[in-house]
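Number of protein chains: 2
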Amino acid sequence: MQNLLFDFISKYVSLTEDEKNAILSLNLFRPAKKGTTLLKKGQLSQDSYFVLKGCIRTYYVLDGEEKTTAFYTEMDALTPHCVIDKTPSKYFISCVEDSILTVSNSDMEVEINSKFPKFEKMCRVLSEELLAKEQIDFDEFKTSSPEQRYLNLLQKRPDLIQRVPQHQLASYLGIKPQSLSRLRARILEKSRE
Amino acid sequence: MQNLLFDFISKYVSLTEDEKNAILSLNLFRPAKKGTTLLKKGQLSQDSYFVLKGCIRTYYVLDGEEKTTAFYTEMDALTPHCVIDKTPSKYFISCVEDSILTVSNSDMEVEINSKFPKFEKMCRVLSEELLAKEQIDFDEFKTSSPEQRYLNLLQKRPDLIQRVPQHQLASYLGIKPQSLSRLRARILEKSRE
DNA sequence: TTCATTTCTTAACTTAAGTGAACGATTTTA
DNA sequence: TAAAATCGTTCACTTAAGTTAAGAAATGAA
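Taken in order, these protein sequences are the chains called A and B. Quick note: the first sequence, position 36, residue 27 per our numbering, numbers continuous. Quick note: the second sequence, position 22, residue 13 per our numbering, numbers continuous.
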């Protein structure tokens, strides 16, 4: 399981055995059962997550309704906004499936960054990449209809449609669960012609 | 005008005179007339932008139609995805107004980063902040209606509504220009009651 | 297993966005 | 300056998403 983490890191920097051991000594690995809440709205957590196995999501509660806005699966990293901007979290984070995560707090990161400067660089490159990717995803969302977004998701993350409840997918697509049901029926109808 | 750049940088790191001079010697400043295209779809540019004065936008051309997805105004930084992922640009960048920009290519950044390590850190912190902000903006977009988005924009960036053409604003809000006109009329109607 | 809860789908109705067209008003450019 | 192009708004019509409600299916807990 550790190897998954080091495989990921090796895409950005190459680590010596010493460096790997320094990371392992931090004891980052943590299993989390389906339904576990990792972060609640209003909290000022310092923890960042990396998904080794499973699936976690961020969601808002607006007018008593859950709105899921992101899913993180294998090899995805999530640093909540509250870690960055030091304001109470606007959203919840919870486990969609039984998962294995690494959890690191920002103190650890400061320590590792100062001990191994190559980490600073890795974090910079990683967040630049994630930002560019997030912008493209946002652009695609803005420029397409719910139906196009669904078909797009079917192409890009077909696993999500299998492993995630429909009502969570719906808000992820920016629509209501009923509209997602209808939209899927419409697509099936078309493909039958 | 330079001071605006240094004011911005000082939010992240403090620079010595030497460091400031090293930056000035790069000759980054560039005025750009309204309508100037800074980047075309398909290009593999290395240039990043920082807006000192004016406004620039990114837009796609889909089915012959322009879809504006982002505006960058005073003190905003823009690194196009092609600089990060080394793939041909998916979008255009052009000036909405006469503007004064700094333009830096990634070679310069590599050079500055190795000469002054504190730059590495600034870039990491900046892109982490921008990522967190982008995610929140995306979340707000997903969880609200076109009308709510417009009202939200009116709160957060009232200047944009004045300085930017309506049809560009419309795609920024994820709708057609006619719908934006109608939506504004609807809001005005309500406020008259 | 059974009961309760949650989830998904369907349907009828409402509301708002998309579409195509028309019209001045403004801006561009020849 | 005159003609052409662009821009913003309005309208009528179409399409699709939101809303409310109901019922079937799946899931979870006692």
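Think of the CB as a built atom: it goes at the ideal place given N, C-alpha and C, for glycine as much as any other residue. Note that the structure is predicted; figures quoted are calculated from it, not measured.
Within-8 Å CB hit, residue i to chain B
i             : result
residue 40/A  : no
residue 176/A : no
residue 129/A : yes
residue 165/A : yes
residue 126/A : yes
residue 36/A  : no
residue 24/A  : no
residue 72/A  : yes
residue 112/A : yes
residue 76/A  : yes
residue 32/A  : no
residue 48/A  : no
residue 123/A : yes
residue 53/A  : yes
residue 58/A  : yes
residue 183/A : no
residue 115/A : yes
Alpha-carbon to alpha-carbon, residue j and residue i
i             : j             : result
residue 97/B  : residue 16/B  : 16 Å
residue 171/B : residue 153/B : 14 Å
residue 175/B : residue 4/A   : 51 Å
residue 111/A : residue 9/A   : 17 Å
residue 2/B   : residue 116/B : 10 Å
residue 134/A : residue 165/B : 6 Å
residue 99/B  : residue 87/A  : 44 Å
residue -5/B  : residue 6/B   : 14 Å
residue 84/B  : residue 157/B : 18 Å
residue 46/A  : residue 145/A : 17 Å
residue -2/A  : residue 14/A  : 13 Å
residue 161/A : residue 12/B  : 52 Å
residue 32/A  : residue 18/B  : 46 Å
residue 118/B : residue 180/A : 44 Å
residue 30/A  : residue 27/B  : 46 Å
residue 103/A : residue 0/A   : 14 Å
residue 71/A  : residue 55/A  : 22 Å
residue 113/A : residue 114/B : 11 Å
residue 44/B  : residue 177/B : 34 Å
residue 149/B : residue 143/B : 9 Å
residue 138/B : residue 182/B : 14 Å
residue 167/A : residue 62/A  : 17 Å
residue 82/A  : residue 159/A : 14 Å
residue 109/B : residue 38/B  : 21 Å
residue 57/B  : residue 34/B  : 17 Å
residue 127/A : residue 101/A : 30 Å
residue 173/A : residue -8/B  : 55 Å
Cβ of residue i within 8 Å of any chain A Cβ
i             : result
residue 97/B  : no
residue 133/B : yes
residue 151/B : no
residue 119/B : yes
residue 171/B : no
residue 141/B : no
residue 81/B  : yes
residue 148/B : no
Whole-angstrom C-beta distance between residue j and residue i, which should lie under 8 Å
i             : j             : result
residue 80/B  : residue 136/B : 31 Å between Cβ atoms; not a contact.
residue 107/B : residue 132/A : Not confirmed; about 37 Å, so no contact.
residue 129/B : residue 129/A : 5 Å
residue 163/B : residue 59/B  : 5 Å
*Quick check: the segment 123 to 134 of chain A against the segment 63 to 82 of chain B, are there 3 or more CB pairs under 8 Å?*
yes
*On the three-pair Cβ rule with 8 Å, is the segment 88 to 96 of chain A touching the segment 49 to 56 of chain A?*
Here the segment 88 to 96 of chain A makes no contact with the segment 49 to 56 of chain A; the two share fewer than three CB pairs at distances below 8 Å.
*Using 8 Å as the Cβ pair cut-off and three pairs as the minimum, do the segment 20 to 28 of chain A and the segment 56 to 71 of chain A touch?*
no
_Sequence ranges, alpha helix (DSSP H) only - wholly within the segment 104 to 183 of chain B, length at least 4_ = 108 to 133, 137 to 147, 149 to 154, 157 to 163 and 168 to 183
*List in chain order: all unbroken alpha helix (DSSP H) runs of 4+ residues lying wholly within the segment 33 to 96 of chain B.*
With a minimum length of 4 residues, the unbroken runs of alpha helix (DSSP H) contained wholly in the segment 33 to 96 of chain B fall at 72 to 76.
_In chain order, each alpha helix (DSSP H) run of at least 4 residues that lies wholly inside the segment -7 to 21 of chain A_ = -7 to 1 and 8 to 15
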